[in-house]
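Reading the sequence shown from the start, the letters are residues 519 to 796 in the numbering used here. Beta carbons are placed, not taken as given, at the ideal position from N, Cα and C, and that holds for glycine. Remember, predicted model here, so these are calculated numbers, not experimental data. What follows is a short report on a single structure.
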Amino acid sequence: MTLINKNAAQLNAMIVSNKRVGQYHQIIINVGDNAEKCKPGNFVAIKVGGETSRMVLRRAFAISRVTKNVAFGGTIELIVAPHGQGSKWLCLQEEGAIIDVVTPLGTAFGIPTEPVQVLLVGGGYGSAPLFGLAEVLNARGCRVDMLLGASTANKIYAPMEGKRSVNSLRIYTEDGSMGQKGRVTDPIPELLSDLDIAVVYSCGPMAMLAAINSITMQSEVVHQCAVEESMACGIGICMTCVLPVANSQGEVSMLRSCIDGPVMDGALVQWDKVGHVL
519 MTLINKNAAQ LNAMIVSNKR VGQYHQIIIN VGDNAEKCKP GNFVAIKVGG ETSRMVLRRA
579 FAISRVTKNV AFGGTIELIV APHGQGSKWL CLQEEGAIID VVTPLGTAFG IPTEPVQVLL
639 VGGGYGSAPL FGLAEVLNAR GCRVDMLLGA STANKIYAPM EGKRSVNSLR IYTEDGSMGQ
699 KGRVTDPIPE LLSDLDIAVV YSCGPMAMLA AINSITMQSE VVHQCAVEES MACGIGICMT
759 CVLPVANSQG EVSMLRSCID GPVMDGALVQ WDKVGHVL
């Protein structure tokens with residue numbers, strides 16, 4: 519592993535809670551002292567399917583929250599949508615089950631050294647890591663405002679929890695079934711000005727991240743985004759999760775989302791080249 523994953527460890531960890539929350543599962547895993555090294559934006563790679571499974575690759579899941587628990591020690595929370603075989607298997611695991619995990623992996627969100635105004639923008643269940651991030655930012659003294667968006671109401675993850683985590687919360691659904699009708703990016707230009715936003719943090723579909731970046735590029739606002747690219751190995755070996763990213767000199771190269779991300783400077787990602795071979 520590279521230095522970015524120097525704190526990562528392979529653990530046999532116990533699931534201490536597995537609850538259905540709407541369309542998703544909230545899974546809490548005991549990782550002991552390793553929790554001290556997990557930050558908002560990091561992810562975990564889990565061996566799925568059991569010992570006889572043909573699913574040989576681990577599955578990557580974003581860490582949504584890190585907690586110190588008197589009963590269980592350090593825990594991490596995952597929000598999982600049971601879509602593929604691996605995530606369905608994980609969602610079927612009961613409390614007390616022991617799973618093979620590697621964590622923490624990847625880059626974390628950068629936290630301001632001084633209190634500033636920040637805006638958190640999340641799409642679907644991809645917004646879950648923003649709740650733990652909000653707690654860290656609040657502890658730093660930042661004012662935290664949040665936008666949550668999805669195509670329809672049942673794809674918004676835990677709106678009440680989001681409301682408790684931030685100074686203000688606005689919800690947008692494309693069909694108008696919850697909050698205001700429209701896209702979550704619609705109010706961003708006005709909010710950047712009205713709230714004097716210094717940093718936008720975003721998690722969600724790549725198209726949403728690209729749209730946010732096109733807005734922040736017209737200002738001096740920093741955009742930190744957690745990119746959504748499929749990761750086969752999670753540790754930088756397989757090169758399946760590469761993205762075109764520029765350096766400070768403007769030179770573009772294909773960087774690995776699992777090593778150089780998932781959190782990246784949105785201004786450096788070459789959004790118009792994503793999905794193309796350079």
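| Item | Value |
| --- | --- |
| Distance, Cα to Cα, L623 vs R583? | 14 Å |
| What would DSSP say about I753, mapped onto helix, strand or coil? | coil |
| Under the assumption that R658 contacts Q635 (Cβ atoms under 8 Å), give the Cβ distance between them as a whole number of angstroms. | At roughly 12 Å, the Cβ-Cβ gap does not stay under 8 Å, so R658 and Q635 are not in contact. |
| At which residue ranges does the segment 626-713 contain complete beta strand (DSSP E) runs of 3 or more residues, listed in the order of the chain? | 635-641, 661-668, 686-691 |
| Given a cut-off of 8 Å on the beta-carbon distance, is the pair P647 and A599 in contact? | no |
| Shortest alpha-carbon distance to I522 belongs to which of A626, Y690, M726, E612? | A626 |
| By Cβ distance, which residues of its chain are closer than 7 Å to A764, with the 5 residues on each side in sequence left out? | V770, L786, Q788 |
| Alpha carbon to alpha carbon, how far is A531 from L713? Give it in angstroms, no decimals. | 42 Å |
| How is the beta strand (DSSP E) around M782 delimited, first residue to last? | 781-783 |
| Which of the three DSSP states, helix, strand or coil, is assigned to R776? | It is worth fixing the name first, because residue 776 is Cys in this sequence and not Arg. Residue state, collapsed to three classes: coil. |
| Hey, does Y690 have any beta-carbon neighbour from chain D nearer than 8 Å? | In the displayed structure, chain D is absent; only one protein chain is listed. |
| What does the alpha-carbon distance come out to for the pair A652 and T621? | 21 Å |
| Is M735 helix, strand or coil by DSSP? | coil |
| Measuring only the C-alpha atoms, how far is R688 from A750? | 34 Å |
| Can you say whether R682 is buried or exposed, counting buried as having 16 or more other CB atoms within 10 angstroms of its CB? | exposed |
| Under three-state DSSP, which class holds M519? | Confidence at M519 is low in this model, with a pLDDT of 41, below 50, so the placement of that residue should be treated as unreliable; the coordinate-derived value is given next. Looking at M519 - three-state DSSP - the assignment turns out to be coil, as it is neither helix nor strand. |
| Buried or exposed: which applies to R577, given that a residue is buried once 16 or more other Cβ atoms fall within 10 Å of its Cβ? | buried |
| Look at the Cβ atom of I594, then the Cβ atom of I533, and state whether they are nearer than 8 Å. | no |
| Can you name, in chain order, every residue of its own chain whose Cβ lies under 8 Å from the Cβ of D551, other than the five neighbours on each side? | G591, G592 |
| Please go through the segment 524-552 and give each complete beta strand (DSSP E) segment of 3 or more residues, from N-terminal end onward. | 527-539, 542-548 |
| CB-CB under 6 Å to I616, same chain, minus the five flanking residues each way: which ones, in chain order? | N530, M532 |
| Kindly indicate which three-state DSSP category G592 falls into: helix, strand or coil? | strand |
| Give the DSSP bridge partners of Q742, in chain order. | Y719, D783 |
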